[in-house]
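Each remark here refers to the structure printed beneath this line.
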Amino acid sequence: MLISPFSAIFSWEGYEYQAHISLYVALKKINELVNLDLRDTIDVMSLEIESADDFSIKIDNQYDTLHQVKRGAFSLKKNDKFAFIISLLQYNASKGYYHIQPKKNIPKDFVSVSLEQINSLISDLSKAVKDKNEVNESDYGNYIILSEIGRNKTKGSLYNILDYKCSEDKSKQSVIKVIDDIRKELNTYCEQLNPEGGELKDENLLCKYEISFNDSLEVKNASYEFIKNILQNERPEWTFVDEEYARVVYYQLYLELKRLIEKEYNDTGAKSGCQFIFSDIMSKLTKDYKSESNSIDYQYYLVFESIERMFKKYPERSKSSCEVASCEECDKSEECNLKLQIEKLSNLTDENRRNFLYKAMMYEPDTKKPQNLPSEQLVNRLIIEMLQDVDKLHFEENNLIQAFKDDMFYRLTLDSSGDIDDFHERLSSEITNDDSDKLLLFENDVLITDQLDEDNILFDGNKVTVIGAEELRELGGITSHSIEKIRKNYNKPKVMRLVGRGLAKEELNR
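All residue numbers for the sequence shown refer to my numbering, where the first residue is 224 and numbers rise by one.
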């Protein structure tokens with residue numbers, strides 16, 4: 224083996240797209256096997272995260288397919304192509320796949336580039352091995368310099384390969400011995416890529432995956448269909464299975480994958496891949512989760528999925544200012560505030576996403592009232608349209624969407640209160656909860672709501688009150704206007720304004 228197993232498991236915490244793609248591929252394979260009544264094969268298959276590649280499918284603990292996931296624009300260097308081809312050969316995988324967006328394609332020179340790299344490496348291996356003090360630094364390129372081994376992390380580079388093959392012993396004697404082994408292995412791969420019948424074509428080894436997606440929502444929707452199909456075969460008596468239930472099941476699979484990844488990282492320090500056994504996936508699929516649909520975490524999951532869904536639908540809505548039917552067709556998408564802010568939200572960790580939604584909703588979902596969530600129409604008006612129409616609104620590190628203007632912080636919410644009494648009752652109930660965030664309302668001067676306009680709202684950490692002009696003057700000396708002052712004086716009264724989305728657009732766009 225020349226290409227070392229690797230792990231970037233720590234980065235998965237905030238990089239969900241790969242997780243959704245890997246679950247989709249696993250569910251697709253399980254669905255195919257269930258339809259063919261090949262349940263015994265399911266028992267010997269697994270999904271591996273990282274190690275050989277971004278993720279892999281294994282049969283009897285042997286690699287079957289290797290998968291790389293590229294979201295959005297991407298470019299592949301020569302070393303990237305070489306490393307992927309060599310990984311396929313060294314693991315004896317049947318195929319390699321790239322998961323890229325529908326309108327993207329991969330180059331068709333993987334094999335030819337890999338052969339060039341092999342010849343270049345064989346040539347470099349003929350260089351003399353030297354300590355750095357034996358040569359002038361300007362001549363380093365003419366030698367293999369021992370101190371450079373391990374410093375170059377480029378996958379598939381000469382020094383990266385030497386670092387992996389030499390393991391802990393980087394002595395001159397060890398390096399010289401390893402060089403011969405590397406040369407033999409490279410010659411073997413060269414023969415495999417360029418047999419007597421002629422050079423292999425890229426499609427013999429790899430290709431773009433047959434199904435591609437624009438975003439996580441499309442991936443999840445496709446996975447929901449597989450879940451429904453699998454359960455119709457495995458649990459035909461479950462007449463309650465529909466798309467909503469499939470969402471619940473998928474969420475449980477996603478949580479389990481995240482748990483396994485975190486456990487692998489904590490147990491091994493991310494030195495190996497994470498295994499999700501297909502039989503365990505089947506056990507999760509066929510467990511009855513009806514009671515889980517009311518959980519707080521799942522309700523947050525549904526709210527965020529509403530944001531994803533409304534963002535995807537926005538270009539085609541009648542009130543949309545978009546000139547094309549999707550972000551993928553838009554030449555200005557990289558400058559679009561809506562797209563940029565939604566991408567920030569999509570890359571949040573689970574904990575930060577939950578905190579963002581809590582601060583936007585200003586209440587924790589109720590397990591006894593699971594339907595009491597912001598509607599998709601509200602999400603569209605307050606998140607999607609506001610981000611599109613007001614460029615000053617940005618997602619910030621405090622997990623708020625906010626804007627700063629005229630020495631005031633404007634904070635975007637998902638509040639749908641019909642009148643001030645509704646707002647008062649709901650907020651007062653939330654902030655008296657022992658588990659509530661006592662800073663919930665202190666990090667702003669103006670709350671952007673769906674329709675409420677109210678000039679003077681007093682919040683003291685324990686209650687919300689509408690006050691008059693005289694009371695406002697009395698409080699003038701102790702209110703604060705900066706985030707730092709607010710944090711230091713959060714136990715002092717805070718006076719805020721409520722503005723409906725229409726007035727907010729006028730004020731922030733002046």
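For every residue, glycine included, the Cβ atom is placed at its ideal position computed from N, Cα and C.
Item: Beta bridge counterpart(s) of residue 374 as assigned by DSSP; Value: Residue 374 pairs with nothing; no bridge assigned.
Item: For residue 599 and residue 526, the rounded distance between their alpha carbons; Value: 8 angstroms
Item: Identity of the residue in 254, 310 and 303 nearest residue 279 by Cα; Value: 310
Item: Cut-off 7 angstroms between Cβ atoms - residues of its own chain near residue 732, not counting five sequence neighbours on either side; Value: 613
Item: Where the beta strand (DSSP E) through residue 672 begins and ends; Value: 669 to 672
Item: Distance, residue 349 Cα to residue 397 Cα; Value: 15 angstroms
Item: Cβ-based burial, residue 672 [other Cβ within 10 Å; buried from 16]; Value: buried
Item: The alpha helix (DSSP H) enclosing residue 564, as first and last residue numbers; Value: 560 to 569
Item: Residues sharing a beta bridge with residue 229, DSSP; Value: 274
Item: Residue 607 beta carbon less than 8 angstroms from that of residue 533; Value: yes
Item: DSSP beta-bridge partners of residue 721; Value: 670 and 677
Item: Residue 637 beta carbon less than 8 angstroms from that of residue 601; Value: yes
Item: Inter-stretch contact at 8 angstroms, needing at least 3 Cβ pairs: the stretch 464 to 472 / the stretch 261 to 279; Value: no
Item: DSSP bridge partner residues for residue 634 (one or two, in chain order); Value: 625 and 670
Item: Residues that DSSP places opposite residue 288 in a beta bridge; Value: 280 and 318
Item: Assigned secondary structure, residue 419 (DSSP; H/G/I helix, E/B strand, else coil); Value: coil
Item: Cα-Cα separation, residue 531 to residue 383; Value: 40 angstroms
Item: Rounded straight-line distance, which links the Cα of residue 476 to that of residue 512; Value: 11 angstroms
Item: Minimum C-alpha distance to residue 452 - residue among 571, 496, 335 and 508; Value: 508
Item: First and last residue of the uninterrupted beta strand (DSSP E) at residue 500; Value: 497 to 500
Item: Close Cβ partners of residue 619 (< 7 angstroms) along its chain, the five nearest in sequence each way excluded; Value: 625
Item: Reduced DSSP category for residue 606 - H, G, I as helix; E, B as strand; rest coil; Value: helix
Item: Local conformation of residue 389 per DSSP, three classes; Value: helix
Item: Residue interval of the beta strand (DSSP E) (run including residue 510); Value: Unbroken run through residue 510: none, as it is neither H nor E.
Item: Cross-strand partners of residue 268 (DSSP beta bridge); Value: 282
Item: Identity of the residues DSSP links to residue 429 by a beta bridge; Value: 319
Item: Cα-Cα separation, residue 326 to residue 562; Value: 18 angstroms
Item: Neighbour-count burial assignment, residue 330, 16 or more Cβ in a 10 Å radius; Value: exposed
Item: For residue 618, three-class secondary structure by DSSP; Value: strand
Item: For residue 353, three-class secondary structure by DSSP; Value: strand
Item: Residue 367 - partner residues in DSSP beta bridges; Value: 352
Item: Complete alpha helix (DSSP H) runs within the stretch 442 to 500 (minimum length 4 residues, chain order); Value: 466 to 491
Item: Simplified DSSP assignment, three categories, for residue 548; Value: coil
Item: The stretch 284 to 296 in contact with the stretch 304 to 322 per 3-pair CB rule at 8 angstroms; Value: yes
Item: Which of helix, strand or coil DSSP assigns to residue 206; Value: A question about residue 206 goes unanswered here, because the residues of the chain that appear run from 224 up to 733.
Item: Inter-residue Cα distance where the pair is residue 251 and residue 478; Value: 19 angstroms
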